[in-house]
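> So that we are looking at the same thing, I have put the structure below in structure tokens.
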Amino acid sequence: MTTSTADISAFAAGSFAGRTRELARFQEALDDAQAGKPRVLLLAGEAGSGKSTLLAEVIRRAETASPPFAWAIGECSSATGAGDAYLPFRDILKVLTGDAEDKPQAGTNMLSVARKVLISMAPELINVFIPGSKLIASAGIAVAKEAGWMSKDPTPAKRPTELDQEKIFRQYTEVLQEVAKDRPLLIALDDLQWSDASSIALFFHIARQIKQARILLIGTYRPNDITMGRGGERHPLEQVLFELKRYFGDLVIDLGESTSDERRAFIDQIVDSEPNRIGESFRVALLQHTNGHPLFTVELVRYLREQGCLACDGGGNWTVAREVSWSELPPRIEGVIGERIGRLENELREILTVASVGTGTTDFLAQIVAQIQNVDERRLLKLLSADLTKRHGLVLELSVHRRGRRVLAHYRFAHALVQQYLYGSLSDAEKMLMHGDVAALLEEMYEGDTDQIATDLAYHYDQAGDAENALRYLEIVLDQALRMSGYREALVHATRALELIDLLPNTPERAKREFILILRWSVAIKVLQGWAAPVLKPRYDHARELTRQFPDCPEATQFLFALWTYYLVRCDLAESLATAAQCLEVAERIGSLEGVLAAHTSIANSAFWSGDLATCAEHTRKVIELYPCIDTATHRLEYGMDAAVIVNQFEVWIACLENRFDDARNAWTAFLPQAEALNHPFSLVIALNTGAWMYQMTGDHVRCGETADRLLSLARSHGFPSYQGLGVMSHGWASSFENMADGISEIRSGFEKWRTTAGPLVTTYYAILYADALLRAGRRDEAASAIDGAVAFADEKGEKVFLPLLMKIRETL
């Protein structure tokens, strides 16, 4: 008998074992997609359960279908994915347009179609999801001219610019649907448990919106990671999974739900993948020890062969060569991997250990490993190809591409657990040094284009303990996230950046950077947690201390405006007016027209809630005069909302308070298209709230409900909790005309959500809605109590704009 280093694993050999039932479902979905019936499937399974192998087999079938599918996989990163907005979808778009140097490409005709579609139908995705200059060069000048792109600057903006998430979702979906007219499409997102929240939302949107398109959309994830949550909160994929199941029914293929018969069949297929005379007792023991887990099974069979327990006889059949002592085998897969890695030659083991630091998670660049190990590049490539790929099956070659005069070879660990085992074997000091080496080499290789890999560079420098460089790249990816309305990702980056900046020397430059970071951080916090989130006050107090070092910096008015909103929603109207006045004084002193506009908006707003409608109107007129003179997009970015939307709000509500209801309706309906055209979701949600209140004050509960529905849809999709509260409040009032009990409950719950995420401002208006519904329900005493409480609140806090209405209702009681 002789032993061989060949691998019994059907997986490692590139064939496929087991999963007959799962493959049947995927084949049905492929057939449906080819026929123009789009399908969505989710593939669930823990690490090593065979998700990637099953997906590879599905892709193989898609490629050999008639007509063949074009396909692209977007991979999520465990290291940077949660903070890298739209990472997998950026990768998919690059593959479809031929811009992904390190990934398989679609066919030539498909690339041409995708480029034309992207330029003509989705211009806002260019320079955000894919570099514009490369796209134009690939698509051709004629295509670019036809789409009007030659008149546009293809250079990515150096600072955040606005990009409406709704427009991203719509254009991305339209691109896929249009491309699928040329060839059926298979789009897969791998390891969704590591995905950023924006990508998860886009996946959900595409799943629901693709209609009559030849598209199969697949997502893979690890259920345990979803159950564990993320950052102490529910995992963002959890609710999406619930909604997808609600819409599509049984769309999850769970590899953890295999039956005992299927697990045994899998064992047999692995063992029988080559001629053998292996009996029943071995198969039963193997099943008992691995429970049919793909990775466990593959690694244990490999281990037994290398130990000589399994060997080939003279007739070419595998047999049990000697008694297997199952108790001596490592009980966990980490032990199996450790035994296997330990038997490698030192040079190969060191190569893999360096590779485990990687450029992503399980991916690595051969050239970086060669330089860190000081190994000749040609020799390293031979070791990777001949030994680690073909002989040991530990790594896979992904792609080779040229960058300038350098050829870069991308590899991946065959199993993520192997990479994790090797990385865990490094000491903390070794990890820091290697991450620093990887970051420095990446900077060298991508000189001039480091913004493209800023997320990776921030991660490596952070792990290297290099706070300055990590912070430098975090500032870049923070701006990128804000540019794409990726507020959750921006919050992750900003939070880490604020932690790192504490490690830098206390200099004026550091103070200025920290001040700007607080402003960026507060933008994300206010969107995601509400205007008066408890975490804001300590940061604002610190920012106020910082501004004493540079009182006249351009960002000072942005901070004062942010502080004004904090005081306003807490109904500290005196302090809000004082802060608004200070903002005006600073803005005029430093010559900031945007700051002056923001200050007048603030004063008008505080005056409105105080019931001083004359002062409100005076400063509103000044806003109207200044508005055409500023860069409104920059103003929205820096101050968070559009000034014209606020002006319209006052115009509409004051008209209602003065019983000029036709004027109010005309002003709002005429302005709404302008608010929609801003492509600024937060400003639009304010405009919709203006309309919902206007319809309530004019007594039109039907249109109030319709407007509140739209408000709620927008606020929920973008994660604006404070305006979700106001939307529920208005919706409850409208609903109370059909279902009194539920409507009254909604009014209360909506106000409670507003109050807990923003503050007590609007208490008087809430009381008007609540009392009106109670009166119609015949609950007169409760209505009287609500009105009395609101009058007392108005007297105490100064929220007097609705006091005349409250007194009028009180008189009727």
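Residue numbers for the sequence shown follow the numbering used here, so the first one is 1 and each next one is one higher. We treat Cβ as the ideally placed atom computed from N, Cα and C, and that holds for glycine.
Does E618 get closer than 8 Å to chain B when you measure Cβ to Cβ?
The displayed structure is made up of one protein chain only, and chain B is not part of it.
> Closer than 8 Å is the cut-off here; do at least three beta carbon pairs connect the region 217 to 229 with the region 258 to 276?
No contact exists between the region 217 to 229 and the region 258 to 276.
> Taking 8 Å as the threshold (C-beta atoms), are A771 and I744 in contact?
no
> Where do the N-terminal and C-terminal ends of the beta strand (DSSP E) with V418 fall, by residue?
Bounds of any beta strand (DSSP E) do not take in V418; it lies within the alpha helix (DSSP H) bounded by A416 to G424.
> Please go through the region 41 to 125 and give each complete beta strand (DSSP E) segment of 3 or more residues, from N-terminal end onward.
70 to 75
> Closest to H493 by C-alpha separation, out of L712, L457, Q193 and R510, would be which residue?
L457
> Helix, strand or coil: which one does DSSP assign to D313?
coil
> Tell me which same chain residues have a C-beta within less than 7 Å of the C-beta of A790, skipping the five on either side of it?
Within the same chain, A790 has close Cβ partners T763, T764, A767 and L806.
> Please work out which residues of its chain come closer than 7 Å, Cβ to Cβ, to I92, disregarding the five sequence neighbours upstream and downstream, and give them in chain order.
A72, G74 and I187
> On the DSSP letters alone, give me the boundaries of the alpha helix (DSSP H) that G229 sits inside.
Element bounds for G229: n/a, residue is neither H nor E.
> What is the rounded straight-line gap between the Cα of L384 and the Cα of V395?
8 Å
> Kindly indicate which three-state DSSP category R214 falls into: helix, strand or coil?
coil
> Could you check whether R322 and C309 sit closer than 8 Å to each other, using their CB atoms as the reference points?
yes
> Can we say the region 547 to 564 touches the region 577 to 586, given the rule of at least three CB pairs closer than 8 Å?
yes
> Excluding the 5 residues flanking E412 on each side, which residues of the same chain have their C-beta closer than 7 Å to its C-beta?
The sequence given here has Arg at residue 412, not Glu. Correct list, in chain order: T362, D363, V395, L396 and L398.
> Helix or strand or just coil, what does DSSP make of I278?
coil
> Let's see if you can read the secondary structure: which residues bound the beta strand (DSSP E) around D182?
No beta strand (DSSP E) contains D182, which DSSP labels as neither H nor E.
> Between which two residues does the beta strand (DSSP E) holding D709 run?
That residue, D709, is in no beta strand (DSSP E); its alpha helix (DSSP H) goes H701 to H718.
> Going by DSSP, name the residue or residues bridged to V320.
L310
> Do T690 and N659 come within 8 Å of each other at the CB atom, strictly closer than that value?
For the 8 Å CB-CB criterion, N659 and T690 do not form a contact.
> Can you give me the start and stop residues for the alpha helix (DSSP H) that A197 sits inside?
A197 to Q209
> Across which residues does DSSP place G814 in a beta bridge pair?
No answer is possible for residue 814: the residues shown for the chain start at 1 and end at 813.
> Less than 6 Å between C-beta atoms, sequence neighbours within five positions excluded: which residues of the same chain meet that for V58?
F26
> For the pair the region 521 to 541 and the region 716 to 732, tell me if three or more CB-CB distances fall below 8 Å.
yes
> Can you tell me whether N605 is buried or exposed, with buried defined as 16 or more other CB within 10 angstroms of its CB?
buried
> Quick one, are the C-beta atoms of A708 and A692 less than 8 Å apart?
Taking a C-beta distance under 8 Å as the contact criterion, A708 and A692 qualify as a contact pair.
> Could you tell me the distance, in whole angstroms, from the CA atom of A792 to the CA atom of W609?
15 Å
> Kindly indicate the opening and closing residues of the beta strand (DSSP E) around L829.
Only positions 1 to 813 of the chain appear in this structure, which leaves residue 829 out of reach.
> Excluding the 5 residues preceding and the 5 following E746 in the sequence, name in chain order all residues of the same chain whose CB lies nearer than 7 Å to its CB.
V728, H731, G732 and S735
> In its own chain, which residues sit with a C-beta less than 6 Å from the C-beta of Y540, not counting the 5 before and 5 after it?
L563
> Contact check, I814 vs L251 under 8 Å by CB: the rounded distance?
The chain is shown only over 1 to 813; residue 814 falls outside these bounds and no answer can be derived.
> Tell me the rounded alpha-carbon separation between V596 and E588.
6 Å
> In the structure shown, what three-state DSSP assignment does V395 receive?
strand
> Quick check: the Cα distance between A464 and L491, rounded to an integer number of angstroms?
22 Å
> Among A29, R665 and R302, which one has its Cα closest to the Cα of R391?
The residue among A29, R665 and R302 with its C-alpha nearest the C-alpha of R391 is R302.
> Tell me whether V400 sits in a helix, a strand or coil according to DSSP, three-state version.
strand
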